[in-house]
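Written below as structure tokens is the structure these notes are about.
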Amino acid sequence: MSDETNGAPERFAIGISFGNTSSSIARINPEGKAEVIANEEGDRQIPSVLSYIDGEEYHGTQAKAQLVRNSQNTVAYFRDYLGKDFKSIDATPCHNSAHPQPQESTVAFSIVDTASETPSTVTVSEIATRHLRRLKQSASDYLGKEVNAAVITVPTDFTEAQREALTASAKAAGLEVLQLIHEPVAAALAYDARPEATVTDKLVVVADLGGTRSDAAVLACRGGMYSILATAHDYELGGASLDKIIIDHFAKEFIKKHKTDPRENARGLAKLKLEGEGARKTLSLGTNASLSIESLADGIDFGSTVNRTRYELLSNKIFAQFTGLIEQVIQKAGLDVLDIDEVIFAGGASHTPKIAQLARNIFSEKTQILAPSTFTGAINPSELAPRGAAIQASLIQEFDKEDIEQSIHPMVTATPHLKNAIGVEVTSAETVEFQPLLNAETALPARRVAQYNAPKAGGDVFIRVCEGVREIKVTKPEPKPKEEKPKTEGDEDDSDFDSDEEEEEIREIVWKTEKPIAELAVKGVKAGSKVELMIHVNADLGLQITAREVGGQNAVRGAVQAA
Amino acid sequence: PALSEGWSAEKDFKAVGTLSAATQRNLEAVGPHFLAHARRKRHHRTFSEDERI
């Protein structure tokens, strides 16, 4: 199949997101857009499940359905076991499928995966290989060309051993891992690679709400490059926590009618889980969901409905845990909710409308909440990671292996980042205001250019380049109608909103000059014209500063040596 | 910002301070802008040199 050119087979790469609950494959389509590929069953979110009957292998949704009748030979939730020893894993998610067991230094499953009766011991690495092989096959079938390389997303807390185990598993499945990238960064890239997106400096929170675990990360995006400032993980929170609410709700209803608990019977519980998850997903789209299960317990059929209001009421506590995770990661980064420019919701549980709405209440008006229920241009949260991986795959697939290795080498990624923002002081009337030009956490070297209005009358312009820090100014509500606050002019815009929330204190970001760096003068500027300022910061913290009148010939330049 | 009276410096530029120490962080090796950064770093090029190529 593979085209041989110059002895080396041509590389054909896709993006893969490999999750505990589900996995996805994506590629860049001929129009240059990232596109998630459906497998032969039509699934874009392919359950990370493998099941065996009479030696035949089932994968994805088909395997997941086997959790009811063939749970002992069905392997699920295995990604986080890769590259780990048995003692360090949490086997809870596998209660209803094949149980993990120790096997030398790794984890294995005992399953009947051949036509014979005796079970064989299959390591988690081998399971991952089989899973990846099926994903590769689905992608190859769809694209009509053998896929032989991939960029795979991993959580930020994946250890070196886990990364190596995953790379080895992929290799055994015939996939060259070009790079492992972090899930939150892939999600951010999926948004930033849209043609309508512009490169800006921003702080982004990525909330990756998965099936059995949830992760949050704060990213500093500076000039299109990402640095992770903080991460937080919850290994028990996810879509499964919400499924449990639904399961308990219906189980109670069943008990009321028939006096037996379907959860006590393994098969009954498996059926409830499968259908409960479906009902929960329906509630993310519609306001009503029905559930019907044949022979749930004691041979009794069960049918019922639940509406979204009821579900949201029951799930309040879980929703609060999701938003709590987001607040926790911001705190960990030493930031305030006001600092956050974007919140990206990723992962399956992010489809839940209420979670995004609750997040909306936490953040200020200017923060963009990128979820289907709060932003019309939102990308499907389940597709963010695979799309990001596909974009990265398309960027590096032409590179030589050496080139990739050198580029992602710590020598390149370890980079000094600005501690404080650099900007200029803008004087208007009596107030002196600091305007940031390079934000804190900008990776060096960096360069920024900005234009400032010169005084109306023209003349000589004085520029003072400073380091600045942002502070959160809290204005306590005043008992009588608001007076104009003493400082900045920007406050006037907000005064309309104040009337109905008199009770709340007003928190805002103010900039304070920390220390001056350099002073420049541009002389003889024409009336009404602009002054352009360029600041270049070297990796050694030295600066080059250039200022000139827009359209003018004479530039003022100078350099500041590093401390 | 207008020039205050009596301010003068050689070539109209005066360095008055230095930057605070930077924090070492890891960049995420993802995206077109990072790849451009990696290219510059590996070949020891500056921004303007990179643009010319």
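Residue numbers (my numbering), protein chains in the order written: chain W, -4 to 558; chain V, 25 to 77. For each residue, glycine too, the CB sits at the ideal point set by N, CA and C.
Distance, N415 (chain W) Cα to K59 (chain W) Cα:
51 Å
Since H57 (chain V) meets chain W, which of its residues come closer than 8 Å, beta carbon to beta carbon?
V194, G218, G219, M220
Going by beta carbon distance, what residues of the same chain come within less than 6 Å of K468 (chain W), once the five residues before and after it are set aside?
E503, V505
Looking at E509 (chain W) and V444 (chain W), is the spacing between their C-beta atoms short of 8 Å?
no
Along the chain, where does the alpha helix (DSSP H) containing N311 (chain W) start, and where does it finish?
311 to 327
How would you write the range of the alpha helix (DSSP H) that L433 (chain W) sits in, first residue to last?
For L433 (chain W), no alpha helix (DSSP H) segment is defined; the enclosing uninterrupted segment is the beta strand (DSSP E) at 426 to 433.
Under 8 Å between beta-carbons, which chain W residues line up against R66 (chain V)? List them in chain order, please.
Q401, S402, V407
From E454 (chain W) to D334 (chain W), what does the alpha carbon distance come to, in whole angstroms?
It should be pointed out that residue 454 (chain W) corresponds to Gly in this sequence rather than to Glu. Using only the alpha carbons, I get a separation of about 37 Å.
Determine which residues share a DSSP beta bridge with E159 (chain W) and list them.
Per DSSP, none; premise fails for E159 (chain W).
From the DSSP output, read off the bridge partner residues of F457 (chain W).
W:A516
Within 8 Å of any Cβ in chain W, is that where the Cβ of R49 (chain V) sits?
yes
What residue does the beta strand (DSSP E) around F245 (chain W) start on, and which one ends it?
Run containing F245 (chain W): none in the beta strand (DSSP E); it sits in the alpha helix (DSSP H), 234 to 253.
Go ahead and pull the three-state DSSP assignment for R560 (chain W).
Residue 560 (chain W) lies beyond the range of chain W shown here (-4 to 558); nothing can be said about it.
To the nearest angstrom, how far is the alpha carbon of L51 (chain V) from that of G547 (chain W)?
37 Å
Ends of the alpha helix (DSSP H) at I399 (chain W)?
396 to 402
Can you list, in chain order, the residues of its chain whose CB lies under 7 Å from that of P150 (chain W), leaving out five sequence neighbours each side?
Hits under 7 Å: E178, D210.
Does the separation of the CB atoms of L204 (chain W) and A215 (chain W) fall below 8 Å?
No; because the gap between Cβ atoms is not below 8 Å, this pair is not in contact.
Contacts of P381 (chain W) in chain V (Cβ-Cβ under 9 Å)
The premise fails here: P381 (chain W) is roughly 14 Å from chain V at the closest Cβ pair, so nothing lies under 9 Å.
With a Cβ-Cβ cutoff of 8 Å, do L198 (chain W) and L330 (chain W) count as a contact?
Contact flag set, yes.
Following the continuous alpha helix (DSSP H) through E612 (chain W), name the residue where it begins and the one where it ends.
Given a span of -4 to 558 for chain W in the structure shown, any question on residue 612 (chain W) remains unanswerable.
Report buried or exposed for E270 (chain W), applying the criterion of at least 16 other Cβ atoms within 10 angstroms of its Cβ.
buried
Helix, strand or coil: which one does DSSP assign to L439 (chain W)?
coil
Excluding sequence positions up to five away, which residues of its chain have a Cβ less than 8 Å from the Cβ of A516 (chain W)?
D455, V456, F457, I458, V551
Which of helix, strand or coil does DSSP assign to D296 (chain W)?
strand
Could one say the Cβ of Q548 (chain W) lies closer than 8 Å to chain V's Cβ atoms, at least one of them?
no
Which residues in the same chain as D489 (chain W) place their Cβ atom closer than 7 Å to its Cβ, once the five residues preceding and following it in sequence are excluded?
Summary for D489 (chain W): the model assigns pLDDT 46, below 50, so the residue's position carries little reliability; its value from the coordinates is reported in the next sentence. So no residue of the chain qualifies.
Below 8 Å on the Cβ atoms is my guess for I540 (chain W) versus A557 (chain W); work out the distance and round it to an integer in Å.
Not really, about 14 Å apart at Cβ, beyond 8 Å.
Can you tell me whether V201 (chain W) is buried or exposed, with buried defined as 16 or more other CB within 10 angstroms of its CB?
Result: buried.
Closest to A380 (chain W) by CA distance: which of W:L184, W:K251, W:N283 is it?
Minimum Cα-Cα distance from A380 (chain W) among the listed residues W:L184, W:K251, W:N283 corresponds to W:L184.
As assigned by DSSP and simplified to three states, the class of Q48 (chain V):
strand
Three-state secondary structure (DSSP) at T56 (chain W)?
Looking at T56 (chain W) - three-state DSSP - the assignment turns out to be helix.
Which whole-angstrom value is the C-beta distance of T195 (chain W) and S164 (chain W), which I expect to be below 8 Å?
No, T195 (chain W) and S164 (chain W) are not in contact; Cβ-Cβ is about 38 Å, not under 8 Å.
Using DSSP with H/G/I as helix, E/B as strand and the rest coil, what is A550 (chain W)?
strand
Residues bridged to T422 (chain W) [DSSP beta-bridge criterion]
W:V427
When you compare each of W:A366, W:L232, W:S368, W:A110 to P88 (chain W) by their alpha carbons, which one comes out closest?
W:L232
Proximal chain V residues relative to T410 (chain W), where beta-carbon distance stays under 7 Å
R49, L51
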